[in-house]
Structures are given as structure tokens and as C-alpha cells.
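Worksheet: one structure, shown below.
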Amino acid sequence: MSYIIGNNLVKKYGEGEIAVSAIDGINFEIEEGEFVGIMGESGSGKSTLLGMMGAMNAPTSGSLMVDDIDIYSLSQEQRADFRREFLGFVFQSFHLVSYLTVIENIMLPLAIIKAGKKKKRAMAEAAMNQVGLSGKAHRLPSQISGGEKERVAIARAIVNEPPVLLADEPTGNLDTKTSHDIMELLHRLNDEGMTIVMVTHSPDCAGYALRIMRVTDGKLVDDNFKLRSLKRWLKKEKSKEPFPNQNQVLVAGSLPTG
Amino acid sequence: MTLKTISIKNLLRRKGKAGFILAGLVIGVSTVVGIMAFVDAMANDINHKLEKYGANILIVPRTENLALSYGGLALGGVSFEMKEIQEIELARVKTIKNARNVAALGPLVLGVVSVDSHKVLMAGVDFKAAEILKPWWHVQGAVPEENEVILGAEAARILNLSIDDKITIKDKKLVVSGVLQPTGSQDDQLIFTRLVTAQTIFNKSGKISMAEVAALCKDCPIDSMVKQISDVLPGAKVMAIQQIVKSRMETLAQFKKFSYGISGVILLIGSLVVLVTMMGSVRERTDEIGIFRAIGFRKGHIMKIIFMEASIVSGLAGIIGYFTGFGAARAALFIFTENHPGDVPFRFELAVGAVVAALMLGLISSAYPAFMASRLDPNEALRSL
Chain A
58 MSYIIGNNLV KKYGEGEIAV SAIDGINFEI EEGEFVGIMG ESGSGKSTLL GMMGAMNAPT
118 SGSLMVDDID IYSLSQEQRA DFRREFLGFV FQSFHLVSYL TVIENIMLPL AIIKAGKKKK
178 RAMAEAAMNQ VGLSGKAHRL PSQISGGEKE RVAIARAIVN EPPVLLADEP TGNLDTKTSH
238 DIMELLHRLN DEGMTIVMVT HSPDCAGYAL RIMRVTDGKL VDDNFKLRSL KRWLKKEKSK
298 EPFPNQNQVL VAGSLPTG
Chain B
1344 MTLKTISIKN LLRRKGKAGF ILAGLVIGVS TVVGIMAFVD AMANDINHKL EKYGANILIV
1404 PRTENLALSY GGLALGGVSF EMKEIQEIEL ARVKTIKNAR NVAALGPLVL GVVSVDSHKV
1464 LMAGVDFKAA EILKPWWHVQ GAVPEENEVI LGAEAARILN LSIDDKITIK DKKLVVSGVL
1524 QPTGSQDDQL IFTRLVTAQT IFNKSGKISM AEVAALCKDC PIDSMVKQIS DVLPGAKVMA
1584 IQQIVKSRME TLAQFKKFSY GISGVILLIG SLVVLVTMMG SVRERTDEIG IFRAIGFRKG
1644 HIMKIIFMEA SIVSGLAGII GYFTGFGAAR AALFIFTENH PGDVPFRFEL AVGAVVAALM
1704 LGLISSAYPA FMASRLDPNE ALRSL
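Note that the protein sequences, when read in sequence, are chains A and B.
Read in order, the letters of the first sequence correspond to residues 58 to 315 in the numbering used here.
Read in order, the letters of the second sequence correspond to residues 1344 to 1728 in the numbering used here.
So this is what it looks like as C-alpha cells:
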């Protein structure tokens, strides 16, 4: 049986004639240990879908099961407990707490669990080592690079060893080299058995996923978008852009003479 | 890492806001403490001053006769021809429940004597008690020994007597040891001598005409003391000099009402400062609270963080506020009073009260912001990022 099951999920904002469908009857299944990428244009509903999987955005109708638990039949407080126990979140813009040090940010999810100081510290240090942040424990977020901030965000998401990691544009604010490092890190976590669902615009990042779900206008248009199809789709998308790359602009214009 | 760490770190990061809340509460608490301590000290001071006005309870023989007047006050049935109170019975006053509130007990023997064809009222008094009962007395010369008298200013003028002059009263030769400076009271008309001397002259050994009591009544109901004395002296009529008692009580009551009123207003302003600042702080922290909720913090955890911050700041404000208010009260007392500079006692209950009140104020004012913070939808909060 699948680990995460979305059943006819609908999310509407507003009521009556002015209602807008962000998610329009999506069905999907994700197996335990899968690495799934969700792609789609801006406003297609992919982040809304991720929010639903994160027990933070209740659907207007439909159901979402994780490990046989109907998430939205739970109370708000039970959903908070579920997020703590089952999910790790990596947000788009790191979203670290600015006044806490690296290790304190990583330990945030541990602040509300019953464990000794030493155990919490050991868990945080293990997560730090896993993401390659040793030696930066006492720096503030303002004192580390973007890539390091992303690593802190990932370490915070995995510190209590959740079975599922949800990542919303984890490389959105990073350069190519750092993005690659972060994706390698997520890939490694997936290899270790963690189920990962990642929203991304980047085909390079999506290439790390085992399966890609493509969302358009709130509908799941492809549940198993293969890499070859991805490249073809991307090419098609690029051709729609007015200035896909600088070379085309130069070829179309006239070069200065003299 | 605990919720306390988050609270403390947040306070340290937002030093300005925390300082603003702290300052608001410190001003509130210190003003209230200052006013209460000052009023308390002033009440003591006023009491001391009022006590200088002398007796506030009179003990006279029980009689059906018409009242006489003494010192401009209605005394009730003092009659020289009537039965007197036994001096020995007066000792029972020291056995009443509020005996420690009796500052002075002054027996008095009154009688009319003739000096050079002038009829004069003569009073035998206990001069030691008179120091407390009649603090306005200033004697030129010396306090009389046995067979000596002092004269009221008016009596000395009319009788044309001065210090060391000799007078004869009922065949007893007496020496004028001093003259009272004018008091503006009936005392100016009298001749005073020792109680024993007067008792001998009037042949009233062991008897007294009346007694005056100076009761310290800050902590005791004077009516209750009157009743207690009546119970031990069934043959006497005991009454409070109502004008003095009422003025004391009214003054204290007015001071207290004023202080409570000001305190209430200041506490209200303090709580509004906390409320507004905490609300602002919660709005600023929408993203942070969204992250906390997203990673599994319950509503209760968010409220706990806010309440913990409020507790830390308001507890600190309570302690600082108490000592600031205490110091301010001492300074105010030093400036505004003459006799008791710096006489503000440390009151443990006021210190504890200040800290508890500050804590309550901080927590109550933070309840709404904490509730609002806990209700933040993580999805909405994160969308605003």
C-alpha cells in the first residue's frame, strides 16, 4: 500500500461564482522511500499541493492519507503533532530564526519534545554532520552563506528523523554549484530511506527525483513524468519565452561596426 | 533547547521592545509602590502629628448632670461635687486588649480655689503624662515639685503672679515654679499642680475627677478602645473626642482613596503599554510563529513562549519597580516632610505584592496577543513570507 495517498483533492478559494480552484481533483500515490518532484508553472497549484501534504492546508474536499492516517480528519493540534512526528519542512527562503544560532535553529523541533539536553544536542550535531555544517554551530544565520543556510534548514527538517521530507524550492535562492550540493544531499537522504517530495522550477533539480508530478491549472497532468519527457517539455516551454537566451537576441539584431 | 531558550533569545534580540515593556511596567509598578509607600509613611507622619494634639479619649465619672466644657470640647458630665473615679481603678486601662495603643493616660483632679479673692480652677495633673497629652505646653520656669504650682498665662496676669512668688491655697503655702506660655485654650485660666498636691488640697486622696487618654489609633479602631475601657471601668463614662478621631480617619481615608485611584489609572496605562507592544511584537513575528507551527509547535507552545516572555519582563519590572518606588517614596518623604526623612519601612508584603501584581499585569495584558499568535494559521503565516 502506498505511503502518501491523495484522493480527489480539491482546494477552492472564495465562494460561489468568484471561487477559484487552486487544486482541482488531484489523485496521486507516493510510495515509501520515493523521491518525487512536483513541477508546474507559477500559480499552477504545486505549492498548495505541498501545503496539503504538509497538513497545513486543508482541502475543500477529498482526503489525504499518510501512513494510513487521514490527515484532515485530525484536529488542528493533532495535525501539529503529526507535522512534528512525520514531516520535515524545507522552506523556499530558508526561514531560519534570525536570533538563534545554527545549532539552536536545528534544535527548534526538539524544543517541544521530552528529551535531555545531551540527547537533543547529540541529535542536532548528528544532523549538522549529515548536512556538512560542522564547525558552524554557534554562528548566526546572518553570518553564514546561502548554501549553508539551506543546509541548516535541511538539518532542522531532518533532526528528529521524520519519515517524510517536504521541500519547497530548496534551491530557489542558490547558485548552480550550491544547488547541486544541496540536491546531492537530498539524494543521499533519499538513499538512506527518507521519502522526499520536492516542489521545484529547476529541471536540473527535478532530474534528481525518481518521479516527477506535473501540475497545470490545479490538475495533475502527468503523474510519472520521465526525464526525457521533462527535457522535451522544457524545450517547448523555453520556446514560448520572448527572449529565451542572449544569443538569439544578438543573432536577431545587428552587430555594431567599425 | 527549550521554549524558555526561545523566549530569552527573543527578548535579547528585541531589546528595544523588551526595554519598552520593561520601562512601562517599571514606571507603573514603581509609581504604585511609591504612592503606597509614601501614603503609608505619610499616614504614619500624620498620625504622629495628630498625636501631638493630645488626648483623644476622655474618662469621666458616670453622671446625670449637665455637661461642662473643657478645652473647647464637650466633655460630658464632669462635676466637682459628684462622685469621683478611684485612681487605683485607672490601672485597669493597662489591661485592655489594645493596651499597647495607649500612649499616655493622664488622671486629673479638678477643683475651685480662691487666690487673693479670685476664684480659680485648679487642676492636679500627672506632668509626665502631660508631656504627651499636652504637647503644646511650654513652661517658663520649672515643672512643679510637691507644694509648687504653675500658672496659666491668663491666670498669672490676673493674679499678678510670677515665678518664685508664693500663694496660699486652703492654708497650704505653694510656690509658683513656672508660668505656661499662652496656649489659646482654657489651660491659660488654670492653676496646675501635681496630682498628689491637688488631691491633698481638695481632700480627694486616691480619687480623680477625670482622665485623658492618648490612643495611637493607626491600627486600632478607637471605638473599640472606648468600649474596652468602658468594660474595665463600669463606673465611668468613656468617650472619644470625635472631632480628632474623625479628622484622623478622614485624612487617612482620603489619602488612601487618592492613592488607589492614581494606582488604578497607572496600572491601566501600564497594561495598555504591554498589550500594544506585545501585539506589535506578535505581528512582527508572524513568519517566525508560522515556522514554529509548521514544524509542529502546538497553540499551547506558542502561548507559552509569549507568556514566558511576558513573565520574564514583568517579573523583572516588579523587582525593579518595587525598589525604584521604594527609593522614590524615601526621596519624596525626605523632600515633603520635616520630621521623618527616609522613614519608609521595607514591607515584604508590598515587595511580594509588587512582583505578583507586575506578573499578573504582564500576563493578563499578554493574554490577547498570545491568543492571537497561537491562532495564526501556519499556511497563512508562511504565505506572507
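Don't be surprised by glycine CBs; every beta carbon is placed ideally from N, CA and C.
These numbers come from a predicted model, not from an experiment.
> Taking the C-alpha atoms as reference points, what is the distance between residue 264 of chain A and residue 123 of chain A?
Replying inline: Taking the first residue of the first sequence as 1, we reach residue 264 of chain A at position 207. Taking the first residue of the first sequence as 1, we reach residue 123 of chain A at position 66. In a straight line, the C-alpha of residue 264 of chain A is about 25 angstroms away from that of residue 123 of chain A.
>> Going by DSSP, what residue range makes up the beta strand (DSSP E) through residue 1669 of chain B?
In response: Here residue 1669 of chain B corresponds to residue number 326 of the second sequence, with the count starting at 1. Looking at the DSSP string, residue 1669 of chain B is not in any beta strand (DSSP E); the run it does join, the alpha helix (DSSP H), is 1642 to 1679.
> What three-state label does DSSP hand residue 1461 of chain B in the structure shown?
Replying inline: Taking the first residue of the second sequence as 1, we reach residue 1461 of chain B at position 118. It is a strand residue.
> Buried or exposed: which applies to residue 117 of chain A, given that a residue is buried once 16 or more other Cβ atoms fall within 10 Å of its Cβ?
Replying inline: Here residue 117 of chain A refers to the residue found at position 60 of the first sequence. So residue 117 of chain A ends up on the exposed side.
> From B:1428, B:1657 and B:1468, pick the residue whose C-alpha is nearest to that of residue 1695 of chain B; which is it?
Replying inline: Here the question's residue 1695 of chain B lines up with position 352 in the second sequence. Checking every option, the nearest Cα to that of residue 1695 of chain B belongs to B:1657.
> Alpha carbon to alpha carbon, how far is residue 173 of chain A from residue 180 of chain A?
Replying inline: For the purposes of this step, residue 173 of chain A is taken as the residue at position 116 of the first sequence. For the purposes of this step, residue 180 of chain A is taken as the residue at position 123 of the first sequence. Taking the straight line from one Cα to the other gives about 11 angstroms.
>> Which complete alpha helix (DSSP H) runs does the region 1474 to 1530 of chain B hold, if anything under 4 residues is left out?
In response: 1496 to 1502
> residue 1626 of chain B by DSSP, collapsed to three states: which one?
Replying inline: As a working note, residue 1626 of chain B is residue 283 in the second sequence. Here residue 1626 of chain B sits in helix by DSSP.
>> List, from N- to C-terminal side, the beta strand (DSSP E) runs of 3 residues or more that fit wholly inside the region 235 to 282 of chain A.
In response: 252 to 256, 268 to 273 and 276 to 279
> DSSP beta-bridge partners for residue 219 of chain A?
Replying inline: Locating residue 219 of chain A in the first sequence gives position 162, counting from the first residue. Beta-bridge pairing links residue 219 of chain A to no other residue.
> In three-state DSSP terms, what is residue 1536 of chain B?
Replying inline: To locate residue 1536 of chain B, count along the second sequence from 1; it is residue 193. Strand.
>> Among B:1362, B:1357, B:1350 and B:1356, whose alpha-carbon lies nearest the alpha-carbon of residue 1616 of chain B?
In response: As a first step, residue 1616 of chain B must be located in the second sequence, where it is residue number 273. Checked all of B:1362, B:1357, B:1350 and B:1356; the closest Cα to residue 1616 of chain B is B:1362.
>> My output table needs one value for residue 96 of chain A: the three-state DSSP class, helix, strand or coil.
In response: Numbered from 1 along the first sequence, position 39 holds the residue referred to as residue 96 of chain A. Residue 96 of chain A: strand per DSSP, three-state reduction.
> How about residue 166 of chain A: is its C-beta nearer than 9 angstroms to some C-beta of chain B?
Replying inline: Looking up residue 166 of chain A in the first sequence gives position 109. So yes, residue 166 of chain A belongs to the interface.
> Looking at residue 1710 of chain B and residue 1625 of chain B, is the spacing between their C-beta atoms short of 9 angstroms?
Replying inline: Residue 1625 of chain B sits at position 282 when you count from the first residue of the second sequence. Residue 1710 of chain B sits at position 367 when you count from the first residue of the second sequence. No, these two residues do not count as a Cβ contact at 9 angstroms.
> Closest Cβ-Cβ distance between residue 1667 of chain B and chain A: below 9 angstroms?
Replying inline: Working through the second sequence from its first residue, we reach residue 1667 of chain B at position 324. It does not: the Cβ of residue 1667 of chain B has no partner Cβ on chain A nearer than 9 angstroms.
> According to DSSP, which residues form a beta bridge with residue 127 of chain A?
Replying inline: Counted from its first residue, the first sequence places residue 127 of chain A at position 70. DSSP output for residue 127 of chain A lists A:122 as bridge partner(s).
> Counting only beta-carbon atoms, is residue 1352 of chain B nearer than 9 angstroms to chain A?
Replying inline: One-based indexing of the second sequence puts residue 1352 of chain B at position 9. True, the Cβ-Cβ gap to chain A drops below 9 angstroms.
>> On the DSSP letters alone, give me the boundaries of the alpha helix (DSSP H) that residue 160 of chain A sits inside.
In response: Your numbering for residue 160 of chain A matches position 103 in the first sequence. First-last of the alpha helix (DSSP H) with residue 160 of chain A: 159 to 164.
> Which residues in the same chain as residue 108 of chain A place their Cβ atom closer than 8 angstroms to its Cβ, once the five residues preceding and following it in sequence are excluded?
Replying inline: What you label residue 108 of chain A is simply residue 51 of the first sequence in a count that begins at 1. Contacts found: 114.
>> Short of 8 angstroms in beta carbon distance, which residues of its chain neighbour residue 1402 of chain B, apart from the five on each side in sequence? Order them along the chain.
In response: Within the second sequence, the letter at position 59 stands for residue 1402 of chain B. Within the same chain, residue 1402 of chain B has close Cβ partners 1428, 1433, 1436, 1553, 1554, 1555, 1556, 1572, 1576, 1579, 1580 and 1581.
> Looking at C-alpha atoms only, which residue of B:1344, B:1351 and B:1345 is the closest neighbour of residue 1654 of chain B?
Replying inline: As a working note, residue 1654 of chain B is residue 311 in the second sequence. Residue 1654 of chain B has its Cα closest to that of B:1351, out of B:1344, B:1351 and B:1345.
> What does residue 83 of chain A touch in chain B if you count any residue whose Cβ is under 7 angstroms from its own?
Replying inline: Taking the first residue of the first sequence as 1, we reach residue 83 of chain A at position 26. Chain B residues near residue 83 of chain A: none, gap ~17 angstroms exceeds 7 angstroms.
> Can you check whether the CB of residue 1490 of chain B is closer than 9 angstroms to the CB of residue 1567 of chain B?
Replying inline: The residue you call residue 1567 of chain B lines up with position 224 of the second sequence. The residue you call residue 1490 of chain B lines up with position 147 of the second sequence. No; because the gap between Cβ atoms is not below 9 angstroms, this pair is not in contact.
> Can you tell which of B:1360, B:1353 and B:1379 has the C-alpha that lies nearest to the C-alpha of residue 1596 of chain B?
Replying inline: Locating residue 1596 of chain B in the second sequence gives position 253, where the first residue counts as 1. With distances taken between Cα atoms, residue 1596 of chain B lies closest to B:1379.
> In the DSSP assignment, what are the bridge partners of residue 1569 of chain B?
Replying inline: Residue numbering aside, residue 1569 of chain B sits at position 226 when the second sequence is read from its first letter. BP columns for residue 1569 of chain B are empty, so no partner.
>> With the cut-off set at 9 angstroms, would you say residue 1372 of chain B and residue 1603 of chain B are in Cβ contact?
In response: On the second sequence, position 29 is the one that residue 1372 of chain B refers to. On the second sequence, position 260 is the one that residue 1603 of chain B refers to. No, they are not a contact pair.
>> Residues of chain B with CB closer than 9 angstroms to the CB of residue 161 of chain A, please, in chain order.
In response: As a first step, residue 161 of chain A is located in the first sequence; it is residue number 104 there, counting from the start. Going along chain B in sequence order, the residues near residue 161 of chain A (Cβ under 9 angstroms) are 1344, 1348, 1349 and 1352.
>> Using beta carbons (cut-off 9 angstroms, strictly below), is residue 70 of chain A in contact with chain B?
In response: On the first sequence, residue 70 of chain A is found 13 positions in, with the first residue counted as 1. No, no contact with chain B.
> Measuring CB to CB, does residue 243 of chain A end up less than 9 angstroms from residue 227 of chain A?
Replying inline: On the first sequence, residue 243 of chain A is found 186 positions in, with the first residue counted as 1. On the first sequence, residue 227 of chain A is found 170 positions in, with the first residue counted as 1. Cβ distance < 9 angstroms, so residue 243 of chain A and residue 227 of chain A count as in contact.
> So, are the CB atoms of residue 275 of chain A and residue 213 of chain A less than 9 angstroms apart?
Replying inline: The residue you call residue 275 of chain A lines up with position 218 of the first sequence. The residue you call residue 213 of chain A lines up with position 156 of the first sequence. Against a cut-off of 9 angstroms, the Cβ pair of residue 213 of chain A and residue 275 of chain A comes out as no contact.
> How far does the alpha helix (DSSP H) with residue 1708 of chain B in it reach, from first residue to last?
Replying inline: Counting from one through the second sequence, the residue named residue 1708 of chain B turns up at place 365. Its alpha helix (DSSP H) spans residues 1691 to 1717.
>> Please report the straight-line C-alpha distance between residue 1648 of chain B and residue 133 of chain A, rounded to a whole angstrom.
In response: Stepping through the second sequence from its first residue, residue 1648 of chain B is reached at position 305. Stepping through the first sequence from its first residue, residue 133 of chain A is reached at position 76. So the two alpha carbons sit approximately 19 angstroms from each other.
> The beta strand (DSSP E) with residue 81 of chain A in it runs from where to where?
Replying inline: Here residue 81 of chain A refers to the residue found at position 24 when the first sequence is read from its first residue. Note, residue 81 of chain A: beta strand (DSSP E), 77 to 87.
> Does the region 1517 to 1530 of chain B come close enough to the region 1488 to 1502 of chain B to have 3 or more Cβ pairs within less than 8 angstroms?
Replying inline: yes
> Are three or more beta carbon pairs between the region 215 to 224 of chain A and the region 141 to 158 of chain A nearer than 8 angstroms?
Replying inline: yes
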